[in-house]
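Going letter by letter, the sequence shown gives residues 1 to 295 in this note's numbering.
Glycine residues also receive a C-beta, built at the ideal position from the N, C-alpha and C atoms.
Since the model is a prediction, treat every value here as computed from it, not as a measurement.
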Amino acid sequence: MGTRVFVELWQDDPQQAQVLMQRVMDEMERINQLMSPYIDTAELARINREAADHPVSVSTELFKLIQKSNYYSQVSGGAFDITFASLGHRFDYRNRVRPDEAQQKAAAALIDYRQLKLNAAEQTIAFAKPGMRIDLGGIAKGYAVDNAVAILQQAGVNNAVVTAGGDSRLIGDHRGRPWMLGIKHPRGEEHVITVPLSNAAISTSGDYERYFDADGVRFHHIIDPAQGDSARELLSVSILANQSIDADALSTTVFVLGPEKGMKLVNSLAGISAILIDRTGKVSYSNDLIDPTMH
């Protein structure tokens with residue numbers, strides 16, 4: 001999944017703890033092998049290769065995750081869109097490669113989740129246009145974290161944290177106190193905001209994860225489908241939710257929507273909170289959170 005995975009848990013039996021941590025790592029790797037666009041044998045890579053030519057039959061698991069992704073596309077008016085990869089794959093952030101203007105325009109025209117033809121009865125997916133691609137980078141890590149948490153809970157673990165990249169989910173608490181998670185400032189200062197959490201998920205999306213700067217402009221991996229370019233109104237979005245899958249999808253969604261529309265969406269959803277840092281460095285909180293600077 002192109003990221004570090006971290007597990008911490010309370011368990012009386014050290015050997016059992018090792019077994020459980022290995023199970024979490026195995027599950028993460030299983031999902032990576034299924035959903036990576038970079039592994040040729042992955043189902044997702046096969047979809048990207050073949051779905052423009054013919055409907056590709058996929059596992060129930062992947063089909064459901066694509067349906068869930070489309071649900072977030074609908075809720076957000078298309079701000080969340082797994083077909084962003086039609087353009088996204090043309091960027092190589094490590095080597096500072098970006099498409100030229102004509103390539104960018106042509107690829108951006110292929111971003112539209114409504115052009116994914118899903119057949120629930122047959123469990124197939126097809127692309128309406130050649131050149132389309134999908135990438136579950138905005139939701140698969142959250143899904144994987146939830147699966148890992150389920151494994152631990154089924155094994156009777158009452159206190160744990162599982163993290164994959166910017167996605168963390170906490171079971172229980174930390175020695176009778178909340179887990180303290182820091183949200184770092186996107187421009188390199190120390191943790192600006194510490195959030196006390198128990199039995200919750202948090203996901204942070206930022207423009208500093210995969211990016212390069214060119215001619216004074218930052219090109220990063222969170223693409224605004226409507227603009228066909230990196231979203232630039234926010235520097236960082238942290239979403240609190242009960243489950244990582246929702247926190248993950250919504251952190252990307254809100255990042256694309258920008259501060260006003262993004263916060264409006266968060267405030268309309270039950271059980272979802274947000275902490276946003278805009279491009280001026282201003283921090284804002286959803287209605288249900290207390291701004292610690294206001295006391």
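In the DSSP assignment, K129 falls outside any alpha helix (DSSP H) and carries neither an H nor an E. Contact between the region 204–223 and the region 80–97 is present: 3 or more CB-CB pairs across the two stretches fall below 8 Å. By the C-beta density criterion, K264 is exposed, having fewer than 16 other C-beta atoms within 10 angstroms. Residue state for D167 is assigned as strand, using DSSP reduced to three classes. A distance below 7 Å between beta-carbons, with the five flanking residues on each side excluded, links P196 to the following residues of its chain, in chain order: P178 and M180. Leaving aside the five residues that flank V237 on each side, the residues in its chain whose CB is nearer than 6 Å to its CB run, in chain order, S205, S251, V254, F255 and L276. Straight through space, the alpha carbons of N267 and Y38 are spaced by roughly 36 Å.
Contact between the region 37–53 and the region 108–115 is not established, with fewer than three Cβ pairs separated by less than 8 Å. By the neighbour-count criterion, in which 16 or more other beta carbons inside 10 Å mark a residue as buried, I290 falls on the exposed side. Excluding sequence positions up to five before and after M21, its CB lies within less than 8 Å of the CB of V7 and L9, all in the same chain and listed in chain order.
With a beta-carbon spacing of about 7 Å, G142 and A249 fall inside the 8 Å limit used to define contacts. In the structure shown, L269 adopts coil according to DSSP, grouped into three states.
Taking 8 Å as the cut-off, the beta carbon of L240 is found closer than this to the beta carbon of I202. Taking a C-beta distance under 8 Å as the contact criterion, Q153 and L118 do not qualify as a contact pair.
Residue environment for M35: buried (at least 16 other C-beta atoms within 10 angstroms of its C-beta). The beta-carbon distance between I171 and A160, rounded to whole angstroms, is 5 Å. This is short enough to meet the 8 Å contact definition. The continuous stretches of alpha helix (DSSP H) do not include I82, and DSSP gives it neither H nor E. Distance from the CA of I245 to the CA of I272, rounded to the nearest whole angstrom, comes to 12 Å. When DSSP states are grouped into helix, strand and coil, K105 belongs to the helix group.
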